[in-house]
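In the working numbering, the protein residues as written are 1 to 463. The C-beta atom is built at its ideal place from N, Cα and C for all residues, glycine as well. Quantities reported herein were computed from a predicted structural model and do not represent experimental measurements. Step one of this worksheet: look at the structure below.
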Amino acid sequence: MNSSTTSSMRVYKDMPVWVVEDHHDVLPYIYRAIGSRYLPIRNIAMVHLDSHPDLLIPVNMPADTVFDKEELFSELSIENWIMPVVYAGHLSNVVWLHPYWAQQIAEGEHKIFVGKDSSTTTIRVTSTDDYFLSDGLYVPEGHLENKKPFQLDVIQVNSVENQRKQEEISEECAAKRVKLQQAGDTENTAVSCEKKGETGGSSIANCRTETAGGSKSTDSSNCPGSYSKASNESSAGSCSENERSQTTDAVKKILTVIQQTDAYILDIDLDFFSCKNPFKEMYTQEEYTILQELYSFRKPIEDPDEEALLDCVENRVHQLEDLEAAFADFVEDDSEETLQRWAANPGMKPLTELVHSLRSRMDTPDYEMVHQAGLTCDYSELPHHVSTNEEIDGLIQAINVILRDLPKPTLVTVSRSSMDDYCPTEQVNYIQSRVLSMLKSMYGTLDIHLEYLSEPESSKSSS
């Protein structure tokens with residue numbers, strides 16, 4: 001941290017917690033903290049708990065929009081509010097903590113540049129991860145102006161309850177293994193433990209690798225849902241440490257990031273704890289399958305060079321532009337003539353079956369919403385995992401384990417994400433109460449602002 005920067009910052013008496021409905025509505029409160037010198041103007045980190053990365057970019061927004069905050073706020077949405085703040089120079093690091101069911105970006109450290117594309121004047125990135133390629137957001141570093149270095153760390157978090165189950169399964173398998181080995185039945189040893197892993201919640205079968213001798217051993221780096229690697233694995237093959245274990249790899253990584261920056265924000269989307277894909281309830285399985293076919297992302301060849309990456313992005317942009325134009329046309333006229341004209345284009349034949357199905361169920365299909373749903377059907381589906389209360393509490397405990405070893409954030413932002421059904425409406429209040437209780441126990445007195453009960457800050461400031 002820059003000591004001169006941090007020493008000049010104001011300090012809140014009680015930590016503010018801003019609770020909003022839509023995630024991008026946290027941004028005005030972050031900007032307010034920057035403007036009133038509670039946060040520095042640059043080199044801020046964000047610890048971001050979410051089932052979604054939220055790291056897309058408004059595709060056609062001019063990069064210079066970030067320098068007019070009111071215009072910027074009006075352009076943003078739930079999936080694209082972070083990267084413009086990176087380009088504006090405020091955020092330099094994001095740590096995305098995600099549950100095991102959210103796998104949109106590869107695990108680990110990503111060092112990239114975010115800047116203005118010299119040809120389109122829009123914000124683009126140098127990352128070649130499918131998450132960015134599938135939205136047509138990649139450009140080579142040489143194409144960027146006013147580029148900003150950006151570090152993204154992706155870390156998976158596992159429910160404490162799932163960890164305990166894994167450990168219990170491992171211990172039971174270890175005991176059974178000893179008995180069966182004593183009886184000389186090595187084949188059934190492996191089979192029984194594999195089956196046990198399949199029924200024990202988060203399967204430990206995926207955590208195991210074959211040793212040279214053909215027996216099963218545990219590799220925590222492959223363990224689904226681990227937020228840390230066990231420093232000393234027991235003979236039972238435990239995949240994870242429990243909540244009272246020493247500082248985890250995740251904590252060490254986050255601490256390293258925080259030490260490189262001048263302040264950090266703790267940002268929590270309640271759909272981190274339980275998450276739905278709302279589009280699966282809007283459309284039939286057949287319609288959803290057609291959307292996946294229409295919007296499927298053709299990945300570049302393995303180890304692509306710059307030309308192959310640019311071709312991939314160009315083809316993807318054209319594909320999405322054509323689909324957007326088709327559904328915009330259907331808003332005005334979805335007659336059979338219009339439909340067949342669009343379906344005649346390469347790769348768009350499935351439009352006929354999709355539109356016929358929609359019209360059979362709805363008087364007036366919302367074609368703009370259909371397109372938005374299609375945009376989520378690229379290289380992977382949106383996460384969908386409705387948690388039990390036991391799982392929610394286990395994730396709360398897991399986050400508590402991580403946060404207790406981190407310094408206090410400057411402020412906390414919370415998004416409910418329930419009105420659009422990403423966080424189940426029947427669970428959101430329970431999750432919110434549990435999260436706020438955890439924060440109170442962690443940080444003491446809080447200054448809680450339930451902004452979702454009133455107008456969004458962006459609406460107030462623009463009126």
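- The residues Thr122, in chain order, have a CB closer than 7 Å to that of Asn60 in the same chain once the five nearest residues on each side in sequence are set aside.
- Leu411 places its beta carbon 8 Å or farther from that of Ala45.
- Distance from Asp269 to Ser437 at the Cβ level is roughly 18 Å; contact not present, criterion being Cβ atoms closer than 8 Å.
- The Cβ atoms of Val94 and Ile78 lie no closer than 8 Å to each other.
- In the DSSP assignment, Arg124 is bridged to Gly115.
- The stretch 302 to 315 and the stretch 131 to 139 touch, with three or more beta-carbon pairs separated by less than 8 Å.
- Checking the DSSP bridge columns, you'll see Ser415 partnered with Val20 and Asp269.
- Counting only runs that start and end inside the stretch 258 to 342, the beta strand (DSSP E) elements of at least 3 residues fall at 263 to 269.
- Counted as a single uninterrupted DSSP element, the stretch harbouring Ser36 is not any beta strand (DSSP E), since DSSP gives it neither H nor E.
- In the DSSP assignment, Pro84 falls within the alpha helix (DSSP H) that extends over Met83 to Tyr87.
- Where Asp153 is concerned, there is no enclosing alpha helix (DSSP H), although the beta strand (DSSP E) around it starts and stops at Leu144 to Val157.
- Between Thr120 and the set Asp25, His24, Val317 and Ala398, the nearest pair of CA atoms involves Val317.
- Contact between the stretch 284 to 291 and the stretch 107 to 121 is absent, with fewer than three C-beta pairs closer than 8 Å.
- Ranked by how close their Cα comes to the Cα of Pro409, the residues Leu266, Trp18 and Asp14 have Leu266 in first place.
- Leaving aside the five residues that flank Val17 on each side, the residues in its chain whose CB is nearer than 6 Å to its CB run, in chain order, Val412, Leu446 and Ile448.
- Pairing Leu39 with Phe73 gives a Cβ-Cβ distance that is not under 8 Å.
- Contact annotation: Ala263 and Ile155 have beta-carbon atoms that are not nearer than 8 Å.
- The residues Asn400, Leu403 and Arg404, in chain order, have a CB closer than 8 Å to that of Met442 in the same chain once the five nearest residues on each side in sequence are set aside.
- Around His90, the same chain offers Ile34, Ile41, Arg42 and Ile44 as residues with beta carbons nearer than 7 Å, after the five sequence neighbours per side are excluded.
- Between the alpha carbons of Glu368 and Leu255 lies a gap of roughly 43 Å.
- The Cβ atoms of Asn277 and Pro383 sit closer than 8 Å to each other.
- By the CB criterion at 8 Å, Val386 and Ser296 fall outside the cutoff.
- Around the beta carbon of Pro346, a 10 Å sphere encloses fewer than 16 other beta carbons of the protein chains shown; the residue is thus reported as exposed.
- Distance check between Lys252 and each of Asp153, Trp342 and Pro300 places Asp153 closest, using alpha-carbon atoms only.
- For Gly108, DSSP records a beta bridge to Val154.
- For Ile44, DSSP records a beta bridge to Leu91 and Ala263.
- For His449, the uninterrupted beta strand (DSSP E) segment begins and ends at Leu446 to Leu450.
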